[in-house]
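According to this note's numbering, the sequence shown holds residues 1 to 236 in order.
Every residue gets a Cβ at the ideal spot worked out from N, C-alpha and C, and that includes glycine.
In this text the structure is predicted, and so the values were computed from the model without any measurement.
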Amino acid sequence: MKLRIDKFLADMGQGSRNEIKEYIKKGLVSVNGNKVRTPGDKADTELDIVEIDGARISYAEFEYYILNKPSGVISATGDSREKTVLDLIESRRDDLFPVGRLDKDTEGLLLITNDGQLAHRLLSPRGHVDKTYFLRVDGELTDGHAKLIADGLRVDEDFTALPGKLEIIESGPASEAYLTIHEGKFHQVKRMMEACGCVVTYLKRIRMGNLSLPAELKPGEYRALTNDELLELKSF
């Protein structure tokens, strides 16, 4: 893939477009040993050797991050009033996006990438990619609710959820459980709990497919996926 040299270097975190323009003016940028003359000169991301002041810069077409989304941040690429998940990621790329969405008050695992094909596979209901949540509710969750969810819970007149799995941790006036579903409908977990006569008071996604939220990631923290994690995600 051929890219403008200023985009190539900006994508790889080597500076803003204006900063890269200055590097070019100073003769610090080269492609295959030849000095770049203008920011519009192009380089092949797979074949060409791009250097800044003698240091080689390799191009990664895609980036993948796992974020522990904190409450109060929206799952969007940009917003004029609200803080978004992309505001938490230190990357100069302008094509990153969250894979799916978590409600503003929901915490936990969110994948950030610019790989549209992977995102489509992970989000498609036909892919049956598990999404597991830890939840607390006001209300008593019972084995009867677990059976309803396993059979495919009728949420309302317009929506019946695909069969899922409810693992009750504690049952009582306030209950705790793990819920595994395959879809990502609007407010789905909250709507499912309402159909069970409960109100969600805390919600955190802890797993997506084979990818689990790392225990060391505090809310608002993130890291790049490991090669093994990426291979497992791409196996779906």
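For residue i, the three-state DSSP class (helix, strand or coil)
{"i": "residue 56", "result": "strand"}
{"i": "residue 189", "result": "helix"}
{"i": "residue 205", "result": "strand"}
{"i": "residue 108", "result": "strand"}
{"i": "residue 159", "result": "strand"}
{"i": "residue 179", "result": "strand"}
{"i": "residue 154", "result": "strand"}
Start and end residues, alpha helix (DSSP H) containing residue i
{"i": "residue 25", "result": "17–25"}
{"i": "residue 151", "result": "143–151"}
{"i": "residue 123", "result": "116–123"}
{"i": "residue 216", "result": "Neither: residue 216 is in no alpha helix (DSSP H) and is coded neither H nor E."}
{"i": "residue 230", "result": "227–234"}
Beta carbon of residue i nearer than 7 Å to that of residue j
{"i": "residue 155", "j": "residue 191", "result": "yes"}
{"i": "residue 201", "j": "residue 115", "result": "no"}
{"i": "residue 38", "j": "residue 59", "result": "no"}
{"i": "residue 5", "j": "residue 55", "result": "no"}
{"i": "residue 168", "j": "residue 203", "result": "no"}
{"i": "residue 180", "j": "residue 132", "result": "yes"}
{"i": "residue 109", "j": "residue 205", "result": "yes"}
{"i": "residue 28", "j": "residue 11", "result": "no"}
{"i": "residue 89", "j": "residue 82", "result": "no"}
{"i": "residue 219", "j": "residue 70", "result": "yes"}
{"i": "residue 166", "j": "residue 146", "result": "yes"}
{"i": "residue 96", "j": "residue 111", "result": "no"}
Inter-residue CB distance, residue i and residue j (contact presumed, cutoff 8 Å)
{"i": "residue 99", "j": "residue 236", "result": "Their Cβ separation, rounded to whole angstroms, is 12 Å, which puts residue 99 and residue 236 out of contact at 8 Å."}
{"i": "residue 211", "j": "residue 66", "result": "7 Å"}
{"i": "residue 68", "j": "residue 221", "result": "6 Å"}
{"i": "residue 238", "j": "residue 8", "result": "Because residue 238 is not part of the residues shown, which for the chain are 1 to 236, the question remains open."}
{"i": "residue 241", "j": "residue 92", "result": "The shown model of the chain, from 1 to 236, leaves out residue 241, and the question about it has no answer."}
{"i": "residue 184", "j": "residue 123", "result": "6 Å"}
{"i": "residue 164", "j": "residue 149", "result": "5 Å"}
Proximity test, Cβ basis, 7 Å: residue i and chain B
{"i": "residue 97", "result": "In the displayed structure, chain B is absent; only one protein chain is listed."}
Span of the beta strand (DSSP E), counted from its first residue to its last, around residue i
{"i": "residue 10", "result": "Looking at the DSSP string, residue 10 is not in any beta strand (DSSP E); the run it does join, the alpha helix (DSSP H), is 5–11."}
{"i": "residue 135", "result": "131–138"}
{"i": "residue 165", "result": "165–170"}
{"i": "residue 223", "result": "222–224"}
What beta strand (DSSP E) runs, 3 residues minimum, are completely inside the segment 24–92?
29–31, 42–44, 50–52, 64–69
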